[in-house]
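Chains as they are written, first to last, in our numbering: chain A, -19 to 498; chain B, 355 to 604. Virtual Cβ for every residue (Gly too), placed ideally from N, Cα, C. A quick note: this is a predicted structure, and the numbers were derived from the prediction, not measured.
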Amino acid sequence: MLDALNFDRIREQARHILLTLFMVAIVTVCVYFLIVEAGLGHGSVVYLLPVVIAATRWGIVSAITAAVCGVLASAFFFFPPLYTFRITDPHEVINLTLFIFVAVVVSHLATRLKRQLELSRQREIDLRDLYAFSRRLAVAFDVSDIHAAIEDHLATVMQRKIVLFSSAREAAASGGRRPGVAVPDRIRADVADVASGRRDVANSAVTVTSDNGDVWLIRAVSPKSSEFGVIAINLGRTPQEDSDELRIRVDAVLSDATATLERLGVAHAISEARMRSQTDQLREALIGSVSHELRTPLASILGAATVLSAAPALRGEKKLQALVHDVRDEAERLNNDIQNLLDASRISSDGIKPHAEWADPADIVNSTIERCRHRMSGRRVVLNLPNDLPLIHVDSVLVQQALVQIFDNAVKYSAAGSQISVAARARDGRMIMSVSDEGAGLTAAEQTKIWDRFARGERHATTTSGSGLGLWIATAFVAANGGKINAVSEGPGRGTSITIELPVTQAVVTQMEGDADE
Amino acid sequence: MNETAPIVLVVDDEIQIRRFLRTGFELNGFVVHEAGNGTEAIRSATLRPIDLVIVDLGLPDMDGSEVIERIRSWSTVPIIVLSVRSTEAQKVHLLELGADDYVVKPFGMAELLARVRVALRRQMRAASGEPTVKAGPLVIDLAARAVTLNGARLVLTPKEYRLLQVLAQHAGNVVTHQHLLKEVWGSIHVHDTHYLRIFVRKLRQKIEPQPDSPKILVTELGVGYRLAQNEGESGNGHMAATEAPVKTES
């Protein structure tokens, strides 16, 4: 592989020298015509042109070639005796010597300029990489994001495919993070050794030969912090001396990279991300168990209360019946509160993942009314559902739960016997569902505040109960379906109208096979 | 309902739940057997004749869905699942495993009794070969393939009838979207829920006295449809307290 590389380089060099000679030849022809046809003096200065061009484009070797050939060409063609390399006039010899000196200096300067240009371009690329890396770190949410960023960063810096293992455990588990890069089990075992500190490698990389003869280079990213993990690089079938050279380069690159990682506070970010995911797990577990622990007894209480309320022994016992109904109603309320807390924590912890399907908006409204029958008792429910509503592609259960919250709100802030109107209509490519009550209404300030988490109307804080989560949950559920929610009120005491707007996309109903048989 | 008292097997690990279910069922003329875990439940179901099983999903020794599968492997006894509010996908899964219906905890006794009665009636009809299914004013004669509303014969397309037939065969119980789509349109259309939505809307225009507030072909959001079997559920105080929604002209 290296031989091939050398051969390529030699061929490239030869091409440059040929091009240089070609340039010198052209200049010779031009100068020849200038002298012969126009009768000007000799023009060896013009030979500086190919020297400068060769120096800036192809480096010092081509530049020197251009200078030497230029001198030879002018000696041969333009200095007497013509058509020999001999020069008789000592002035001309000094002239040519001076020319060679200037040519060498110019080519040296031009080459240095070229190298500096390349260096600054490389530095710009490095800076851009570094910037991209730090930006990725900034948005990285968990440890694996950070490790992926480190892995990609090192791969760019080293110009090789690398695999990064975040811990000994990950290395030991076969399967690998990336399906693209397979790491043999033997290499994994070595990586695990390095990661767990069983093999003391201090500051340098180890090379291991795998069963199929590939040489792998393994190194802890940083000797100081195990948080950054261990990398493995497949060098292929490389002879020992070449891999030594590569190892030195990897060490150099990694010590730079480690400095970068430390400067960016990556270790801190990683441990913070670990802590965050632990907190999340703890919270999930807590919510899960609280939900189970609170609801199991609630199920018994509610069930038992409903059995009691229908028991023959209590028939005719009006006062006892009322007590039993209280038990049932309060248990139901408690259950709703727990459900709201669960929904709220679900929204803030992992977001809502809607399972959209085609739904009939009328179905959603009707089943919500059915579900809230008990809660809406004592209100006149007026329904307005046109029978040509378009289908909507939503998670109908989430929309229903949002509607339940809105119904609850309407009932909570309106008087018994008042009217609650529920309507759905399509307008401008949106499905609009509205729930209007004749209740307490909203002040201008309340209209913006009701959507906040734990918002409670101050006017009602003492008269109604609630967690203030309801409308916040409704907003989140509607937003998860690509919709939005609005409240309109004529003012305090004049009722509230809350609308849900959902997108309507056209259902792809090609020839309905349902009708084909009619 | 039956000459002899129906026997119900209650499977739940919470003794308080078993206790109120036992009292509730006994007050309504059922005989109750109890099981505290899955193994006991399966043994109990094999040893004694049982008319209906009520199974909680969270059991200490095995998952409730496993109990359903095991019992379904040899018996067609109606099974009703008690679950905490779970995702609709899980309910669909349980129904596909062979559960007849589900009730979400916490629930009232009246709600459970209504589901139990529906399931028992369906089982009885299947056993006796009774060909007609009634849902309010709607009568479906499965033998004559005839549907009448308030005594008047309805004209249905073959697919409309097929849909109604599948629902009638499970009268009172939820039938999942997937099951309906497969039975009516074939297995390649099981995900084309919009067919079903549009079709049901048309069918409701024919069979519902008030199509925009359906009482016969009822939607179970995210799960499927149910052909309502409105039994006089006097125990359910909720219904009496609320007036039916008023319809306005749009």
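Counting only the Cα atoms, A/S328 lies some 18 Å from A/K464. With 16 or more neighbouring CB atoms inside 10 Å of its own CB, A/P341 falls in the buried class. Taking C-beta atoms as the reference points, B/G418 and B/V409 count as a pair closer than 7 Å. Only those residues of the stretch 276 to 291 of chain A whose C-beta falls short of 9 Å from the nearest C-beta of chain B are listed: T276, P277, L278, A279, S280, I281, L282, G283, A284, A285, T286, V287, L288, S289, A290 and A291. For A/G283, the three-state secondary structure derived from DSSP is helix. Below the 7 Å Cβ cutoff, chain A contributes N346 and L363 as neighbours of B/S567, in chain order.
B/L381 and B/V365 have their C-alpha atoms some 19 Å from each other.
With fewer than three CB-CB distances shorter than 8 Å, the stretch 536 to 550 of chain B does not count as touching the stretch 559 to 570 of chain B.
For B/N504, no beta strand (DSSP E) encloses it, and the DSSP letter there is neither H nor E.
In this structure, DSSP gives B/V554 a helical state, which the three-state scheme calls helix. If you draw a straight line from the Cα of A/N346 to the Cα of B/K445, it is about 20 Å long. For B/Q370, the chain A residues whose Cβ falls inside 9 Å of its Cβ are T276, P277, A279, S280, I281, G283 and A284, in order along the chain. According to the DSSP secondary-structure assignment, A/N364 is paired through a beta bridge with A/A403. Listed in chain order, the positions of the stretch 298 to 313 of chain A with a beta carbon within less than 8 Å of a beta carbon of chain B are H305, R308, A311 and E312.
The shortest CA-to-CA distance from A/I130 to any of A/L14, A/T428 and A/S202 is the one to A/S202.
Contact note: A/S376 reaches chain B through L575 and G576, using a C-beta cutoff of 7 Å and chain order. Three or more beta-carbon pairs drawn from the stretch 284 to 293 of chain A and the stretch 455 to 463 of chain B are found closer than 8 Å, and the two stretches are therefore classed as touching. Contact of B/F461 with chain A by beta-carbon distance below 9 Å involves A279, L282, G283 and T286. Taking 7 Å as the CB threshold, A/E337 lines the interface with chain B. A/N466 sits away from A/T455, with the two beta carbons spaced by 7 Å or more. Chain order gives no chain B residues near A/A396, where near means a beta carbon separation below 9 Å; the closest approach is about 11 Å. Where A/T45 is concerned, the enclosing alpha helix (DSSP H) starts and stops at I40 to F57. The beta-carbon distance between A/T187 and A/S235, rounded to whole angstroms, is 18 Å. This is too long to meet the 8 Å contact definition. Proximity of the stretch 570 to 577 of chain B to the stretch 344 to 363 of chain A meets the contact definition, three or more beta-carbon pairs being nearer than 8 Å. In this structure, the beta-carbon distance from B/D405 to B/P360 falls below 7 Å. Taking 3 residues as the shortest admissible run, the stretch 281 to 358 of chain A contains the following complete beta strand (DSSP E) segments, listed from N- to C-terminal end: 337 to 339.
The distance from the Cβ of A/L378 to that of A/F457 is about 4 Å, consistent with a contact at the 8 Å cut-off.
A/Q380 and B/I552 have their C-alpha atoms spaced approximately 20 Å apart.
Contact check for A/Q399 and A/R355: beta-carbon distance about 16 Å, past the 8 Å limit, so the pair fails to qualify. A/S416 has A/S401 and A/S477 as its beta-bridge partners, per DSSP. Take the alpha-carbon of A/I40 and the one of A/L62: they are about 30 Å apart. In this structure, the alpha-carbon of A/K429 lies about 47 Å from that of A/R295. For B/R476, no CB of chain A lies under 7 Å from its own CB, so it is not counted at the interface with that chain. Here A/V7 has V26, Y27, L29 and P30 as same chain residues with Cβ atoms under 7 Å from its own Cβ, once five neighbours each way along the sequence are excluded.
Excluding five sequence positions before and after A/A249, the CB atoms of its chain that fall closer than 8 Å to its own CB belong to L117, A120 and I126, given in chain order.
Interface annotation, A/Q380: in contact with chain B, CB-CB separation under 7 Å.
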